[in-house]
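Novice:
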Amino acid sequence: MQEALRFQPVDAEPVDHADIVVKSRHLRRVTDNAARGLSLTIRGLRKAFGDNEVLRGIDLHIPSGQFVAIVGRSGCGKSTLLRLIAGLDAPTAGSIAFGEEPRAQDVRVMFQEPRLLPWARVLSNVEVGLGRERSSADAQARAERALVEVGLGDKRAQWPSVLSGGQKQRVALARALVSQPRVLAFDEPLGALDALTRISMQQLLERVWRDQGFTAILVTHDVAEAVALADRVLVIEDGRIAEDVTIDLPRPRRRGSAELAALEGEILKHLLEGSEDTL
Amino acid sequence: MSLIDSLPRVGAPKLPKVDGLIPWIVPLAIVLIWQLACVTGFVPSRVLPAPTDVALAGWKLLLSGELVRNIWVSFWRASIGFVIGGGIGFAFGLANGLSQLSAKLTDTTLQMVRNIPHLALIPLVILWFGIDESAKLFLVALGVFFPIYLNTLHGIRTVDPQLIEMGRIYGMTDGELFRRVIFPGALPSIFVGLRFALGIMWLTLIVAETIAASSGLGYMAMQAREFMLIDVVVLSILIYALLGKLADSASRALERLTLSWHPAFQKK
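Quick mapping for you: the protein sequence lines, in order, are chains B and P.
Residues 1 to 279 in our numbering are what the first sequence lists, from first letter to last.
Residues 280 to 547 in our numbering are what the second sequence lists, from first letter to last.
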């Protein structure tokens, strides 16, 4: 049933029993989330590159399965924070603790660039995401499932060079998902896509997050994207968390609705005020 | 093949056989004009023998077994020298591309040696090795070393660091990272080096054989000069051209085979 629902086009009319499916999915999400997503506690986190202190003391708790968006002007340290969470860089001071000790494949990152291996077929690129389990017997089957998940099951034998920008990013998403991570960090993954592709990618992100229940941390410069997707938006300014906004709106959220616009306006106003100070 | 099949390609009708012949039109035309110029006496045969005379000389040498023996000797020298020089160049390229220490230790020295024209070493090489096989192999190996070394090094250094970071994030071991990311990424550049090296390989060998040898194509040409056998001289030159083309085609075929992922090698 779950599978059948995934194959439905995004705009398909819900059928009668879909209600039940949604409910069961919701139930599953609630029960699974506790098990799937990892919670995250950050204390006194600092990061300096030479004399340049990018992060100046971040304290943050992210409950398991929450979708957090981090916004801020460029150079505010949001990407640095994400790289520290993903373990790509080491902090200068402070600590990042997960709810339980994560295995290597529990924390995955998706970048603005797809970073696909141009010399590997789409399916092998997804298999890369399995990490140490690449050589296991069901590796290929799992990679295929992840590709179907992002709607690219028919592209498995293609070279990445023939895919469009949005398709490449979906392959990168499949690669990040295939190991069933418990924390997924997105570093402006939709930044290079055109407006329409962005919206369908946002819907895809939201869907896989709801299905798989990982803890999602999305760095973006697009405030509209942040309020549309996230449970909670963090505004980072001068290396600190300047605002922590809870977006308590039901999903799926309607793009362009008044509530979203109001929240977006509020956060934007804050960001712009900040920039006037420094100008 | 119906008419409809050919419709989508109106601009470029599909004639594979003719297509493959197009590159040979110009060489064939040159040979034809050459033949005409000789037959009409426009070019005296003392200066340039007619293609038919060259072919005849080739036939005679083929029957005597001399031609095959000389080509074989030259081909053997070229391959062995190439394998030795290319192998060492590739190894240094890998080592210096992957290890900072190795690069610091050897790159400066190699760059200095590179700037000596290797053919300038011929007198020294003759003093060291005589006109033995090892002299020719040494020169060919030295000649092919640098293009392979430089391009391997360049290829490895220019692999996209974002892909390397990606590989590390997804838990690739050093060996896997090399096999799945670094080496395939460096391959296009390595092929550029390979093709340069093949050109230098023939050049070096021919020069070495004309100066110091008792067999091989270069030797055959020099002998012919002594006896004013101009048709054999021209024959040798044509054989160089063909061998060069052969080596180039082989490396292209290898490129197509291994770089099929590259947009430049994908069938349109």
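Glycine included, every Cβ here is placed at the ideal spot set by N, Cα and C.
Please read these numbers as outputs of a predicted model, since none were measured by experiment.
Helix, strand or coil: which one does DSSP assign to I410 (chain P)?
Specialist: Here the question's residue 410 (chain P) lines up with position 131 in the second sequence. Three-state result, I410 (chain P): coil.
Novice: Given this structure, state the Cα-to-Cα distance separating R28 (chain B) from L55 (chain B), to the nearest angstrom.
Specialist: Here the question's residue 28 (chain B) lines up with position 28 in the first sequence. Here the question's residue 55 (chain B) lines up with position 55 in the first sequence. Any reading at R28 (chain B) needs caution, since the residue's pLDDT is 44, under 50, leaving its predicted position unreliable; the model's value is listed next. Approximately 37 Å, taken between the alpha carbons.
Novice: Can you tell me the Cα-Cα spacing of N430 (chain P) and G365 (chain P), whole angstroms?
Specialist: Working through the second sequence from its first residue, we reach residue 430 (chain P) at position 151. Working through the second sequence from its first residue, we reach residue 365 (chain P) at position 86. So the alpha carbons of these two residues sit roughly 11 Å apart.
Novice: In terms of residues, what are the limits of the beta strand (DSSP E) holding T41 (chain B)?
Specialist: Numbered from 1 along the first sequence, position 41 holds the residue referred to as residue 41 (chain B). L40 to F49 is the extent of the beta strand (DSSP E) around T41 (chain B).
Novice: From A258 (chain B) to L234 (chain B), what distance separates their C-alpha atoms?
Specialist: Along the first sequence, read from residue 1 onward, the residue named residue 258 (chain B) stands at position 258. Along the first sequence, read from residue 1 onward, the residue named residue 234 (chain B) stands at position 234. About 21 Å.
Novice: Counting only C-beta atoms, is Y449 (chain P) closer than 7 Å to chain B at any point?
Specialist: Within the second sequence, numbered from 1, the residue matching residue 449 (chain P) stands at position 170. Chain B contact via Cβ: present.
Novice: Roughly how many whole angstroms lie between the Cα atoms of D527 (chain P) and F361 (chain P)?
Specialist: As a first step, residue 527 (chain P) is located in the second sequence; it is residue number 248 there, counting from the start. As a first step, residue 361 (chain P) is located in the second sequence; it is residue number 82 there, counting from the start. If you draw a straight line from the Cα of D527 (chain P) to the Cα of F361 (chain P), it comes to about 14 Å.
Novice: Can you tell me which of P:Y449, P:P463 and P:I448 puts its alpha carbon nearest to the alpha carbon of G434 (chain P)?
Specialist: Here residue 434 (chain P) is taken as the residue at index 155 of the second sequence, counted from 1. G434 (chain P) has its Cα closest to that of P:P463, out of P:Y449, P:P463 and P:I448.
Novice: Which residue comes first and which comes last in the alpha helix (DSSP H) that contains F186 (chain B)?
Specialist: Counted from its first residue, the first sequence places residue 186 (chain B) at position 186. F186 (chain B) -> not in any alpha helix (DSSP H); beta strand (DSSP E) instead, spanning V183 to D187.
Novice: Can you pull the chain P residues whose beta carbon is under 8 Å from the beta carbon of R132 (chain B), in chain order?
Specialist: For this step, residue 132 (chain B) is matched to residue 132 along the first sequence. Those within 8 Å of R132 (chain B) in chain P are G450.
Novice: Three-state secondary structure (DSSP) at L204 (chain B)?
Specialist: Residue numbering aside, residue 204 (chain B) sits at position 204 when the first sequence is read from its first letter. Three-state result, L204 (chain B): helix.
Novice: Let me check understanding here. Comparing Cα to Cα, which of B:F186, B:L268 and B:P114 lies closest to S164 (chain B)?
Specialist: Along the first sequence, read from residue 1 onward, the residue named residue 164 (chain B) stands at position 164. Nearest of B:F186, B:L268 and B:P114 to S164 (chain B), Cα basis: B:P114.
Novice: Can you list the residues of chain B that R459 (chain P) reaches, using a CB-CB cut of under 9 Å?
Specialist: Counted from its first residue, the second sequence places residue 459 (chain P) at position 180. Within chain B, the residues L117, W119, A120, S124 and V128 have their CB atoms less than 9 Å from the CB of R459 (chain P), given in chain order.
Novice: Can you check whether the CB of S39 (chain B) is closer than 7 Å to the CB of D187 (chain B)?
Specialist: Position 187 of the first sequence holds residue 187 (chain B). Position 39 of the first sequence holds residue 39 (chain B). No. Outside cutoff.
Novice: Could you work out which residues of chain P lie near A104 (chain B), taking near to mean beta carbons separated by less than 8 Å?
Specialist: Taking the first sequence and counting its residues from 1, the one referred to as residue 104 (chain B) is at position 104. Result: G450.
Novice: Between which two residues does the beta strand (DSSP E) holding I395 (chain P) run?
Specialist: Counting from 1 along the second sequence, the entry for residue 395 (chain P) is found at position 116. That residue, I395 (chain P), is in no beta strand (DSSP E); it is neither H nor E in DSSP.
Novice: Compile a chain-ordered list of the residues in the segment 157-191 of chain B whose CB is closer than 7 Å to at least one CB of chain P.
Specialist: W159 and S161
Novice: Would you mind telling me which residues of chain P sit closer than 8 Å to L88 (chain B), beta carbon to beta carbon, in chain order?
Specialist: As a position in the first sequence, residue 88 (chain B) is number 88, starting the count at 1. By Cβ distance, chain P contributes E444 and I448.
Novice: Given a cut-off of 7 Å, decide if F67 (chain B) and A316 (chain B) are closer than it, judged by their beta-carbon atoms.
Specialist: Any answer about residue 316 (chain B) is impossible in this case: the structure gives chain B only from 1 up to 279.
Novice: Going by beta-carbon coordinates alone, are E127 (chain B) and R134 (chain B) separated by less than 7 Å?
Specialist: If you number the first sequence from 1, residue 127 (chain B) lands on position 127. If you number the first sequence from 1, residue 134 (chain B) lands on position 134. For E127 (chain B) and R134 (chain B), yes; Cβs fall inside 7 Å.
Novice: For chain B, check one thing: does any of its Cβ atoms lie closer than 7 Å to the Cβ of P467 (chain P)?
Specialist: Translated into the one-based positions of the second sequence, residue 467 (chain P) becomes position 188. No, P467 (chain P) does not count as interfacial toward chain B.
Novice: Which residue wins for smallest C-alpha separation from V438 (chain P), given the options P:A465, P:L421, P:M451 and P:G454?
Specialist: On the second sequence, position 159 is the one that residue 438 (chain P) refers to. If we check each option's Cα against that of V438 (chain P), P:A465 comes out closest.
Novice: Report yes or no: is there a C-beta of chain P within less than 7 Å of the C-beta of L268 (chain B)?
Specialist: Position 268 of the first sequence, counting from 1, holds the residue named residue 268 (chain B). Chain P, which has no Cβ nearer than 7 Å to the Cβ of L268 (chain B), makes this no.
Novice: With C-beta atoms as the reference, is P252 (chain B) less than 7 Å away from F214 (chain B)?
Specialist: Here residue 252 (chain B) is taken as the residue at index 252 of the first sequence, counted from 1. Here residue 214 (chain B) is taken as the residue at index 214 of the first sequence, counted from 1. No, these two residues do not count as a Cβ contact at 7 Å.
Novice: Using a cut-off of 7 Å between C-beta atoms, extract the partners of V109 (chain B) located in chain P.
Specialist: Counting from 1 along the first sequence, the entry for residue 109 (chain B) is found at position 109. Result: I448.
Novice: What did DSSP end up calling T437 (chain P) once you bin it into helix, strand or coil?
Specialist: In the second sequence, counting from the first residue as 1, residue 437 (chain P) sits at position 158. DSSP places T437 (chain P) in coil when its eight states are reduced to three.
Novice: Going by C-alpha to C-alpha distance, which of B:D51, B:G57, B:G50 and B:E53 sits closest to R43 (chain B)?
Specialist: If you number the first sequence from 1, residue 43 (chain B) lands on position 43. Ranking B:D51, B:G57, B:G50 and B:E53 by Cα distance to R43 (chain B) puts B:G57 first.
Novice: Beta-carbon within less than 8 Å of W481 (chain P)'s beta-carbon, same chain only, minus the 5 sequence neighbours each way: which residues are those?
Specialist: Residue mapping note: residue 481 (chain P) aligns to position 202 of the second sequence, counting from 1. So the qualifying residues of the chain are A357, Y519, L522, G523 and A526.
Novice: Could you have a look at F470 (chain P) and say whether DSSP puts it in helix, strand or coil?
Specialist: Walking along the second sequence from the start, residue 470 (chain P) turns up at place 191. Helix, per DSSP.
Novice: Measure from the C-beta of P542 (chain P) to each C-beta in chain B and report whether the shortest distance is under 7 Å.
Specialist: Sequence index remark: in the second sequence, residue 542 (chain P) carries index 263 (1-based). At least one chain B Cβ lies under 7 Å of P542 (chain P).
Novice: On the three-pair Cβ rule with 8 Å, is the segment 493-513 of chain P touching the segment 319-328 of chain P?
Specialist: Yes, the segment 493-513 of chain P touches the segment 319-328 of chain P.
Novice: Please confirm whether R156 (chain B) and V122 (chain B) have their CB atoms less than 7 Å apart.
Specialist: Mapped onto the first sequence, residue 156 (chain B) falls at position 156. Mapped onto the first sequence, residue 122 (chain B) falls at position 122. Contact flag set, yes.
Novice: E113 (chain B) touches chain P at which residues, Cβ-Cβ below 7 Å?
Specialist: Looking up residue 113 (chain B) in the first sequence gives position 113. The contacting residues are Q441.
Novice: Got a sec: does the ligand NAD put a non-hydrogen atom nearer than 6 Å to the Cβ of V438 (chain P)?
Specialist: The model on display carries no ligand, and the ligand NAD is accordingly not part of it.
Novice: Rounded to whole angstroms, what is the Cα-Cα separation between D248 (chain B) and W209 (chain B)?
Specialist: Residue numbering aside, residue 248 (chain B) sits at position 248 when the first sequence is read from its first letter. Residue numbering aside, residue 209 (chain B) sits at position 209 when the first sequence is read from its first letter. About 17 Å.
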